[in-house]
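For the record, the sequence lines run as chains A and B. Under the numbering used here, the first residue of the first sequence is numbered 53, with each subsequent residue one higher. Under the numbering used here, the first residue of the second sequence is numbered 53, with each subsequent residue one higher.
2 protein chains.
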Amino acid sequence: MLIIGEKINSTRKMVKQAIADKDQAFLQKLASDQTEAGADYLDVNSGAFPQEEVELMQWLVEITQQASDLPLCLDSPNPAAIAAGLALHKNGRPIINSITAEADKFPKVIKLVKEHDALVLALAMGDDGITKTTDDRFAVAKNLIEDICNQGVQPEQIYLDPLIQPVSVQNDFGIIALETIRKVKQHFPTANTTCGLSNISFGLPRRADINRCFLVMALAAGLDSAIVDPLDNELMKMVKIADALLGKDRYCKNYIKAFRSTEKK
Amino acid sequence: MLIIGEKINSTRKMVKQAIADKDQAFLQKLASDQTEAGADYLDVNSGAFPQEEVELMQWLVEITQQASDLPLCLDSPNPAAIAAGLALHKNGRPIINSITAEADKFPKVIKLVKEHDALVLALAMGDDGITKTTDDRFAVAKNLIEDICNQGVQPEQIYLDPLIQPVSVQNDFGIIALETIRKVKQHFPTANTTCGLSNISFGLPRRADINRCFLVMALAAGLDSAIVDPLDNELMKMVKIADALLGKDRYCKNYIKAFRSTEKK
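Here it is in structure tokens:
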């Protein structure tokens, strides 16, 4: 699976403070730590500073790329901030995080996806917000994928996020996300799925345990990618085990290799 | 989910030795430990002694019932051993482990299920052994459930076991089991599913981690029960988390309660 490291996100208190202080060393350590831990992409978000989001996105992209060769997942609801990040992006194929079916933003983000031949994280929501049943959620996801493809973007470029809401708020929020992932993979086998994992455990104790358990369920439902904490060793171990159990690790070679290297430590 | 404690099984070396030595205290401790840990049923198996299986099944049932009030899962390929255990069973509704579509055994076991109004663990195999694709496995499961129901047994009495084989042997053995569980629950919503979990990890290092991960996947696919080690605290925690994530724990109350009681220790 594609691991998008979640750490460099200004909605996290310590990161917000580090950005306010221009604490480059702290932020670059988040970049290098996640890279060493096995992330495939690094998420970069400066949205907690709406007045300066564009400039701060530029700064974050620059300092992150000094510390890591990974491609970035440019995370903003503001197309201007995404565009600023894309202009500086230099390692591989960027991910635009995100597009939705909202009428005012859709064409602006599609334009950026096409100009930069980027991957795009597509949130299953439109102008009416987040739907409350599996059927409605999938209908939004299906329309969004079709709308994006109708603009000349390939399904392989799309990472559909079913939008995970906390299971502590409504009992079936986990099931809605899992079933949406399953249906998207059935209807669009070449499109990808992703999610912001940690929302599932909001409001509950021992969130990391819940996140890991839900990630395993989502991988079994067909999840291709997730925005997660790659510094969570237990979670990264679960990903390797899940790959083996889902037939993605021939003769369980990667699992056995990872296990042996852990034993040596 | 229904937890069937796996410990009192003569195919395990220490248990075989304890049975040979008539070490009642050792075996009764397995019974009481599993009961305290939250098992719903205790599996009892004397099959490693084919010459004395019937008498040893009687002895195991008696000493287990002295140590635990739980109902038993009488585990034998030999209908005579099952019958002997059923005659002594006194706590609740027994589980017969197991019935298959094999022509010589099917009518004998069905007779016992009906006489004792028992639950029955149904293995998805027939005279041709274990099938190698999801479609074939489900076809065997479907026919077996229909054959059992045609004898006047209710679907609610059936616990279909898809038969889990090691993922180290064939890459898609995990997927075959998961898909069979999912299809059985779709086609027979009132029938139950179960599995002997630990087969999945045979031949691999760190088996407990793999077992837990696969249990989570199977629960998300619709698993109702499993034969597991209830003394594995991490596994029992996963079951509680999975219940919450799958909408079976209103407001996550059981999860929060379990977490708090753990914190006090």
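Yeah, the Cβ is synthetic: ideal placement off N, Cα and C, and Gly gets one too.
Quick one: Cα of residue i to Cα of residue j, how far?
i       : j       : result
S120(A) : G137(A) : 15 Å
R145(A) : L122(A) : 10 Å
A273(A) : E231(A) : 7 Å
R64(A)  : K68(B)  : 55 Å
A70(B)  : I55(B)  : 24 Å
K166(A) : E208(A) : 13 Å
K316(A) : L271(A) : Unreliable placement is indicated for K316(A), whose pLDDT of 45 sits below 50; the coordinate value is still reported in the next sentence. Their Cα atoms are separated by approximately 28 Å.
T15(B)  : Q80(A)  : Here chain B has residues from 53 to 317 only, and residue 15(B) is not among them.
A229(A) : G299(B) : 12 Å
N244(A) : L164(A) : 19 Å
N61(A)  : A100(A) : 9 Å
M66(B)  : D73(B)  : 10 Å
Q110(B) : K309(B) : 39 Å
H168(A) : A91(B)  : 56 Å
L206(B) : K160(B) : Sequence inspection shows Gln at residue 206(B); the Leu mentioned does not correspond to that position. Approximately 17 Å, taken between the alpha carbons.
V291(A) : R312(A) : 16 Å
A89(B)  : D75(B)  : 22 Å
F78(B)  : S277(B) : 26 Å
K235(A) : Q238(B) : 15 Å
I227(B) : D180(B) : 21 Å
A170(A) : I182(B) : 47 Å
S84(A)  : K289(A) : 20 Å
S220(B) : A135(A) : 47 Å
G204(A) : D295(A) : 32 Å
K184(B) : D156(A) : 52 Å
F225(B) : L108(A) : 49 Å
Would you call the CB atoms of residue i and residue j closer than 9 Å?
i       : j       : result
L82(A)  : F266(B) : no
K59(B)  : L287(B) : no
A176(A) : F158(A) : no
A193(B) : P214(B) : yes
I210(A) : A260(A) : no
V96(B)  : N130(B) : no
S253(A) : D281(A) : no
V268(B) : M269(A) : yes
C247(B) : I279(B) : yes
I162(B) : I200(B) : yes
R264(A) : N223(B) : no
I147(A) : L124(A) : yes
E196(A) : I233(A) : It is Leu, not Glu, that sits at residue 196(A) in the sequence shown. Against a cut-off of 9 Å, the Cβ pair of I233(A) and L196(A) comes out as no contact.
G57(A)  : Q103(A) : no
S98(B)  : A139(B) : no
L275(A) : F240(A) : no
Q117(A) : H141(A) : yes
Based on the DSSP output, what are the partners of residue i in its beta bridges?
i       : result
I151(A) : A174(A)
A132(A) : A132(A) is not bridged to any residue.
D95(B)  : C125(B)
V280(B) : G57(B)
Could you check what DSSP says for residue i in three-state terms: helix, strand or coil?
i       : result
L37(B)  : This structure cannot settle anything about residue 37(B), because the visible part of chain B is limited to 53 through 317.
N223(A) : coil
A191(B) : helix
D213(A) : strand
N61(A)  : strand
I182(A) : coil
V113(A) : helix
L164(A) : helix
N244(B) : strand
S253(A) : helix
P218(A) : coil
L298(A) : coil
F266(A) : helix
Q118(A) : helix
Q203(A) : coil
R145(A) : coil
L140(B) : helix
A310(A) : helix
L275(A) : coil
A70(B)  : helix
A100(B) : coil
Whole-angstrom Cβ separation of residue i and residue j, contact assumed at under 8 Å?
i       : j       : result
N143(A) : D127(A) : Contact flag wrong, Cβ pair sits at about 16 Å.
G178(A) : E198(A) : That belief does not hold up - the Cβ atoms of G178(A) and E198(A) are roughly 13 Å apart, past 8 Å.
I293(A) : I262(B) : 6 Å
Y93(A)  : L256(B) : Not quite, the Cβ-Cβ distance comes to about 30 Å (not below 8 Å), so this is no contact.
So with Cβ pairs under 9 Å, would you call residue i a contact of chain C?
i       : result
S150(A) : You won't find chain C in this structure, because its protein chains are A and B.
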